[in-house]
Amino acid sequence: MANTYSQIYIQFIFAVKDRERLINEEKRICLEKYLTGIIQNKKQKLLAIYANPDHFHILMGYNNLNILIPDLVRDIKSNSSKMMNDENWFNGKFNWQEGYGAFSYSKSQIDKVVKYIINQKEHHKIKSFKEEYVEFLNKFEIEYKNEYIFEFYED
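With the UniProt record's numbering, the residue at position 60 of the sequence shown is 60, and numbering never jumps.
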């Protein structure tokens with residue numbers, strides 16, 4: 001579209017179904033590369049990505065406004081699930097949990113968010129995913145009901 005300019009930064013967070021800790025280090029690297037390809041093919045600008053064993057963080061510049069955010073996340077999740085199932089990464093069928101978080105940032109916050117994402121391994125030695133996710137919802141003043149956020153299973 002002529003004369004349309006945007007600068008939108010979004011962090012997406014989504015979880016493995018039933019919060020199973022399925023993504024080991026070898027799979028993490030492969031999955032991150034695969035998701036990077038999906039994001040780039042959708043004409044979005046990837047800024048940071050990290051696959052935890054049970055959940056995922058992506059920070060991107062949302063550049064292609066012709067694709068709706070729910071469609072983008074659906075494509076990321078469905079294409080990656082298909083790849084993992086086609087390659088038989090796991091016993092049984094892999095699925096992402098329904099839903100996701102999408103949190104927007106200003107350009108001045110990007111370096112801090114990138115560092116946060118790439119340091120997920122260290123971060124989760126201190127804080128659980130549930131604590132992290134609820135903290136995001138509260139920080140961004142998102143009203144929620146416990147029954148509608150990700151299912152969390154106590155360790």
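All C-beta atoms, glycine included, are put in the ideal place defined by N, C-alpha and C.
Three-way DSSP call (helix, strand, coil) for residue i in this model
i, result
"G61", "strand"
"I39", "helix"
"F140", "coil"
"Y9", "strand"
"L31", "helix"
"N146", "helix"
In DSSP terms, what residue i is bridged to
i, result
"A15", "H55"
"I117", "For I117, which the question treats as bridged, DSSP gives no partner whatsoever."
"A48", "L59"
"W89", "In DSSP, W89 forms no bridge with anything."
Residue i, enclosing alpha helix (DSSP H) - first and last residue
i, result
"S81", "I69 to D86"
"H123", "Q120 to H123"
Run of the beta strand (DSSP E) containing residue i, from where it starts to where it stops
i, result
"Y105", "G101 to Y105"
Discussion item. When you compare the stretch 41-52 with the stretch 132-151, are there three or more beta-carbon pairs, one atom per stretch, that lie closer than 8 Å?
Written reply: no
Item to complete: Report yes or no: do the stretch 10-20 and the stretch 83-100 share at least 3 C-beta pairs separated by less than 8 Å?
Response: yes
Worksheet item: Are three or more beta carbon pairs between the stretch 63-72 and the stretch 108-117 nearer than 8 Å?
Response: no
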